[in-house]
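Quick note, the sequences are listed as chains A, R, G, E, W and H, same order.
Residues in the first sequence are numbered consecutively from 1, following this note's numbering.
Residues in the second sequence are numbered consecutively from 251, following this note's numbering.
Residues in the third sequence are numbered consecutively from 501, following this note's numbering.
Residues in the fourth sequence are numbered consecutively from 751, following this note's numbering.
Residues in the fifth sequence are numbered consecutively from 1001, following this note's numbering.
Residues in the sixth sequence are numbered consecutively from 1251, following this note's numbering.
We put the beta carbon where it would ideally sit given N, CA and C, even for glycine.
Protein chains: 6
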Amino acid sequence: MLLAYSAWPEIEAWLKHSKTVVVPIGSNEQHGPTGLLGTDWMCPEIIAQAAHDKAPDAILVAPTFNIGMAQHHLGFPGTISLRPSTFQAAIGDWVSSLSRHGFERIYFLNGHGGNIASIEAAFSEIYAEWSFAEERCPFMLKLVNWWNLAGVEKLANAQFPTGHGSHATPSEIAVTQAAYPHAIKTANLAPRIAPTGPIRDALDYRARFPDGRIGSDPLQASPEKGRELIDLSAEGLLKDIQAFAAEVQP
Amino acid sequence: MLLAYSAWPEIEAWLKHSKTVVVPIGSNEQHGPTGLLGTDWMCPEIIAQAAHDKAPDAILVAPTFNIGMAQHHLGFPGTISLRPSTFQAAIGDWVSSLSRHGFERIYFLNGHGGNIASIEAAFSEIYAEWSFAEERCPFMLKLVNWWNLAGVEKLANAQFPTGHGSHATPSEIAVTQAAYPHAIKTANLAPRIAPTGPIRDALDYRARFPDGRIGSDPLQASPEKGRELIDLSAEGLLKDIQAFAAEVQP
Amino acid sequence: MLLAYSAWPEIEAWLKHSKTVVVPIGSNEQHGPTGLLGTDWMCPEIIAQAAHDKAPDAILVAPTFNIGMAQHHLGFPGTISLRPSTFQAAIGDWVSSLSRHGFERIYFLNGHGGNIASIEAAFSEIYAEWSFAEERCPFMLKLVNWWNLAGVEKLANAQFPTGHGSHATPSEIAVTQAAYPHAIKTANLAPRIAPTGPIRDALDYRARFPDGRIGSDPLQASPEKGRELIDLSAEGLLKDIQAFAAEVQP
Amino acid sequence: MLLAYSAWPEIEAWLKHSKTVVVPIGSNEQHGPTGLLGTDWMCPEIIAQAAHDKAPDAILVAPTFNIGMAQHHLGFPGTISLRPSTFQAAIGDWVSSLSRHGFERIYFLNGHGGNIASIEAAFSEIYAEWSFAEERCPFMLKLVNWWNLAGVEKLANAQFPTGHGSHATPSEIAVTQAAYPHAIKTANLAPRIAPTGPIRDALDYRARFPDGRIGSDPLQASPEKGRELIDLSAEGLLKDIQAFAAEVQP
Amino acid sequence: MLLAYSAWPEIEAWLKHSKTVVVPIGSNEQHGPTGLLGTDWMCPEIIAQAAHDKAPDAILVAPTFNIGMAQHHLGFPGTISLRPSTFQAAIGDWVSSLSRHGFERIYFLNGHGGNIASIEAAFSEIYAEWSFAEERCPFMLKLVNWWNLAGVEKLANAQFPTGHGSHATPSEIAVTQAAYPHAIKTANLAPRIAPTGPIRDALDYRARFPDGRIGSDPLQASPEKGRELIDLSAEGLLKDIQAFAAEVQP
Amino acid sequence: MLLAYSAWPEIEAWLKHSKTVVVPIGSNEQHGPTGLLGTDWMCPEIIAQAAHDKAPDAILVAPTFNIGMAQHHLGFPGTISLRPSTFQAAIGDWVSSLSRHGFERIYFLNGHGGNIASIEAAFSEIYAEWSFAEERCPFMLKLVNWWNLAGVEKLANAQFPTGHGSHATPSEIAVTQAAYPHAIKTANLAPRIAPTGPIRDALDYRARFPDGRIGSDPLQASPEKGRELIDLSAEGLLKDIQAFAAEVQP
């Protein structure tokens, strides 16, 4: 079920048999000369919708949380970033809203490595309210990056044995190519495999990584490889949320 | 141009000839038994994309700001709301990101009446930084509700002379029907035209408006009427952003 | 009853028969060459006290909330503004204080158009606590601009058929002239009717509106006209708070 | 000069010869069975206006900051308190506004002991911005309680050798009696001199100090004594702001 | 008992017979050419540990809160300061943590005058939650500066009849000399007794007090005098926390 | 050099030849029946001081940041936690203080896994200020967990091939045993190796991990093994900060 495309009585009905919801979460940020600015929020959205296509009654997908923590990419036009503090407050409000309706398992399917620290800190901020109050938190939060779903990293390594890298990777770009073939971009990339290094502020980033990529050769991406990644990820997601829903709390 | 479906060099190129960007902004909240939860963020997104379809080189559309201020709808499952303070902080970060890249005219196309106060307060918070610093703010912000675009309210009144109401209106639902015909919902609505009244907290709201609608009869909506509204709104949007871009600052 | 001029046992006694309190709220900001900096907080204070003079047992007037959201006027000396975020936090604390004592109807009589968005956003922030908690908010908040009290706008239009404008209006200045005749200012105003335009940051404002007025000719103000406005507003206020106190919650 | 009763060109003119402004600051809180709820903001306002009456060209008085930190008095109806965090933020915005206009000496004349810690913390928060930035703060802040003006405490002790106490004191009540003789309250107070003790939360406070007073016998107050206190305080204030204005920064 | 050097079952056992805990709190800031940067957090830590050495079962000492409000010292390298707002938030979290475990008397032994306002404001912020909620706060907070423990100021005045001053005082430096004799510093101080004056931002401070001291001659310090101060303070602390634990709430 | 045991001129001198400073950062939280509550802040402090003992001129050690993010341990007495938001604000103020003095390489040596997300989010919040402002951040931040220093994890695995676990590990307890042999605790632990599982709020945690340990058998700890770990960590730290200081920014 797709939450945004449903009316409220449908969600009320859903809650009678399931307390689990999936939130695709990502970022809108530069992904090199050929990657879409929306790559990081599109990937989890695409995968969640693919899972929904496979088993519409087995998953409830919330609207996509599309702006995350991308301060280091602000040197490239089109990047939109929340400050970590704003991002954490917004995650708190999403969780307050969903838990208020009775959702007890809130699963964030993440598409951006730079989001991880802030999402985990947000979870701790949320849990802390209950911990200080000496009350049991009535819901569980889970963060999973789509590339950590069962088998996905292995597939990506097989598809791209060299030049996968860590930003503007061929795997994430392949996923968006499969979903949006009309928006495939081409460019000459030099060097073919981008440099690597630490991540700090935006100007430092642009000095280290002049075209935005880190360690990747995204020209290896293809819609076919993207389709494989989407299929495997969607299967992994369905299994993972089933396990999450079944998890017993001591 | 659709920002999220572009790569950063394309935005860099855009900025050489235009400093204007449009942000569709809405809310994810109950819209009665037949309205989609995403109605309020879908409408401006649909209209902005329709404008883009008409004149792709005349408009740059940012990703959709899809969660707004909907605290009063929290009594209905599926509603997701930011607190006004979080919402305002997030608007601030969007503006900081876009202005940092050189955008000087940031146009928010809004789909939710409940957002207006918070968006305007956010604008004042942003401007205040410059006002306290005795510096000229290097960008202009504009908020326009899609139903206030030229001619749109008149058309809606002609389409729906009675029962337009103010929440879960036939006009907004018609817009989503035109865009997502597979997601058209039906229900018996009693009374046919919903009651009206003041808006306060969520439980007060649900007591006053038991199925979520305010003053509306959304069963009058149709995809055809939605298409008319979208066309007129898209034209109005293109004209309005042209005027905004041309506005001369004293 | 005037709260600040009472001792606490008097308020305790008041609460036995009424749960309603009126908070005059405004701003301290430039009002052109002839308007007092205090105009916007004086007007609601003057009107509330006039209502009190007419019917002291029918109204409880809180102290005046005298500093509001006036960032756009900071280009003119004497303006004092809260940031919207501070303003909203302060409104929250006022409401927490008053509701804590048992007030269930808190009526803000506003004197500054620039306050409206922030006050409404503050109301939503307050209500949101209850909405997220799934509890009924034990009080109702109401915002009314004094010029929207019954008949007042009509009177002002009759008094000032041209040149009423929207800032440093002859009506608000007339109200202060009636109350503080010793503080009537004169000046040559050129043009006689000030320009109009959008409101943004402080330097933009001063460039557009060099002497601070927007669309108004305040030289038309007189203490007599102010007295008429005060009388009508005071009557309107008494009726409006009676209606508010009588409002039945579903 | 009274800022709120002036127009902006008058403040612009003032700033050509003086950079000093006085902000009366207090609290609206219970003051025992006979003290006005407004006592703590009225006293500095009364004294500042008395100073103004003596020497209108020697002092510029801002509008009164009338709600302070009174959480411990919330057990008594009519008390309105800001949280310390809100209070500090608001002081910051007042200072930003006034310093933005060119005021370099901002003098807070305080009427509430419970405000002192928060005002001092607010000053440090303001200074910290400059200290972290390694820049010289362009203005000086000063906090003076009216009872610490030259000779005032001595006079109060002479007037009220026993039962002065520390809350709802005969001296502060005398000041309000002098200014507002129509609002003098009477009550039987038992014990005649109230108990003393530590200050914590509101319910603890009400348990310790059942009628709100601490250590005081306010029945000794009289308008005549109030007039003496006002006169001496007004003189002290004029001297003190003159000294503050003349203070040379190394 | 030293909390940090205990395991949690030992604290659980402690709470069966005592609800009191002592938090040494200070600052890390310049203390002139011969004073240690850690002086202000070391002094309360040293004294609390000395009290513990005398009567290990009579006192539970929390870890030291070592960074406080020192914005005015930021002109001197090595100073680390929290903003007052951060400091207050952190105190709130400490108190929430300790009270959550059942501590009902939380005693802050302070070593830095510049902390006092912020700590008191933090206490009020904490109490305010209970005051607004109309609930009794289940714990009591107490702030005591070590130099205000019984007899300590008198001893310091006897040891240092001239040149005690108010920052980088011989008494506080003597305390650290007694505890850390290997870290005794020497320097030529000119003038021997430092100047005095008001405290504002960091650059103002450094201009007024070029070597960091205020009114003091720390060369008078000696480990022997420090030992006397520690002994007397430790005795005073033991008595004071005993009295605090025995305090009966009305 | 130990910052807190130095006077400010010594830090001024240090800054002439080095811009690097090390901040030991940890947490005060339960570590099972035999682990000290201070374990997580003691370990980095002990290691930093050991590095200082080896090469006092090669390292400047700041005072220890001893309270971190430990909300999940609040079910066990003695735990003191900051909320993630407070923790991040405090890290920001530490960095602002140190960078203000000219430190350009600020190295956090961390002792608590639960701190990592919040510290990284804090770094991003700090960098974001520069990224939004389009300015180069004048300093670099680095986070290193002591167990990730060169060779340390390998040594710990060799020392404790089974039952190392992830909380209250024998390695961290061994480090504190080496440093504080008088505070070695014993207890019967059943099961000998604690269970593992996810980390959520405090009551969930205590239900899963009844004595506080996760996956560990801390009874294997010994001061001798702790000494080995300290020595290796101290060497690794010295090398790592040397490399950090030498890092060239593009």
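Between the region 1435-1455 of chain H and chain B, which residues of the former have a C-beta closer than 7 Å to a C-beta of the latter?
Judged by its chain identifiers, the structure shown contains no chain B, and its protein chains are A, R, G, E, W and H.
With respect to the beta strand (DSSP E) encompassing V771 of chain E, which residues constitute its N-terminal and C-terminal limits?
770-775
Here's the rule I'm using: 16 or more other beta-carbon atoms within 10 Å means buried, otherwise exposed. How should E384 of chain R be labelled?
Exposed is the call here.
Does any C-beta atom of chain E lie closer than 8 Å to the C-beta of F639 of chain G?
no
Using a C-beta to C-beta distance shorter than 8 Å, which residues of chain R count as neighbours of W594 of chain G?
Those within 8 Å of W594 of chain G in chain R number zero; the least Cβ separation is about 16 Å.
From the DSSP output, in three-state form, read off K1225 of chain W for me.
helix
Going by DSSP in three states, K142 of chain A sits in which element: helix, strand or coil?
Strand.
R1100 of chain W to G1226 of chain W, Cα distance in whole Å?
Counting only the Cα atoms, G1226 of chain W lies some 36 Å from R1100 of chain W.
Name the chain H residues whose beta carbon is nearer than 9 Å to that of R350 of chain R?
Within chain H, the residues near R350 of chain R are S1381, F1382, A1383, E1384.
Are the beta-carbon atoms belonging to G1285 of chain H and N1316 of chain H less than 8 Å from one another?
no
Against chain H, does E29 of chain A count as a neighbour if the rule is that its beta carbon must be under 8 Å from one of theirs?
Taking a beta-carbon distance threshold of 8 Å, E29 of chain A does not count as an interface residue toward chain H.
Does DSSP put G1236 of chain W in a helix, a strand or coil?
helix
Going by CA-CA distance only, name the one from R:I341, R:M390, R:A471, R:Q280 that's closest to Q409 of chain R.
R:A471
Hey, is A371 of chain R's beta-carbon within less than 8 Å of any beta-carbon in chain G?
Interface residue, yes.
Hey, out of R:Y430, R:T446, R:D307, whose CA is closest to G462 of chain R's CA?
R:T446
Where I1341 of chain H and I1366 of chain H are concerned, what is the direct C-alpha to C-alpha distance, given to the nearest angstrom?
12 Å
G1076 of chain W touches chain H at which residues, Cβ-Cβ below 7 Å?
Going by the sequence as given, residue 1076 of chain W is Phe instead of Gly. Correct list: W1258.
Rounded to whole angstroms, how far is the Cβ of L1032 of chain W from the Cβ of S1256 of chain H, which I believe are closer than 8 Å?
Residue 1032 of chain W is actually Gly in this sequence, not Leu. The beta carbons of G1032 of chain W and S1256 of chain H sit about 12 Å from each other, so the pair does not count as a contact at 8 Å.
Report, in whole angstroms, the separation of the C-beta atoms of F244 of chain A and T64 of chain A, which I expect to be a contact under 8 Å.
F244 of chain A to T64 of chain A, Cβ: 19 Å. No contact.
Measure the alpha-carbon distance for Y1455 of chain H versus E379 of chain R and round it to whole angstroms.
44 Å
In this structure, does DSSP put G113 of chain A in helix, strand or coil?
helix
Give the single residue among H:P1500, H:L1399, H:H1432 whose Cα lies nearest to the Cα of A1301 of chain H.
H:L1399
Does DSSP classify R1105 of chain W as helix, strand or coil?
strand
Have a look at T676 of chain G and T336 of chain R and give me their C-alpha separation to the nearest angstrom.
Note on geometry: alpha-carbon atoms of T676 of chain G and T336 of chain R lie some 38 Å from one another.
Out of curiosity, what's the CA-to-CA distance linking P750 of chain G and P448 of chain R?
11 Å
Within the same chain, show all residues whose beta-carbon is closer than 7 Å to that of G1325 of chain H, passing over the 5 residues directly before and after it, in chain order.
A1452, L1453, Y1455, R1456
What are the boundary residues of the alpha helix (DSSP H) that includes R458 of chain R?
452-458
Does any C-beta atom of chain H lie closer than 8 Å to the C-beta of Q249 of chain A?
yes
According to DSSP, simplified to helix, strand and coil, what is A785 of chain E?
Per the sequence shown, the amino acid found at residue 785 of chain E is Gly instead of Ala. Strand.
Tell me which same chain residues have a C-beta within less than 6 Å of the C-beta of R942 of chain E, skipping the five on either side of it?
D967
Could you tell me whether the Cβ atoms of L787 of chain E and W541 of chain G are closer together than 8 Å?
no
Any beta carbon from chain W within less than 8 Å of E903 of chain E's own beta carbon?
no
Can you tell me which of the three DSSP states I1296 of chain H falls into?
helix
For a quick check, are the C-beta atoms of S618 of chain G and M569 of chain G less than 8 Å apart?
yes
Starting from the Cα of I714 of chain G, find the closest Cα among G:V523, G:Q549, G:I559, G:H572 and give me that residue.
G:H572
Who does H667 of chain G pair with in a DSSP beta bridge?
G:I714
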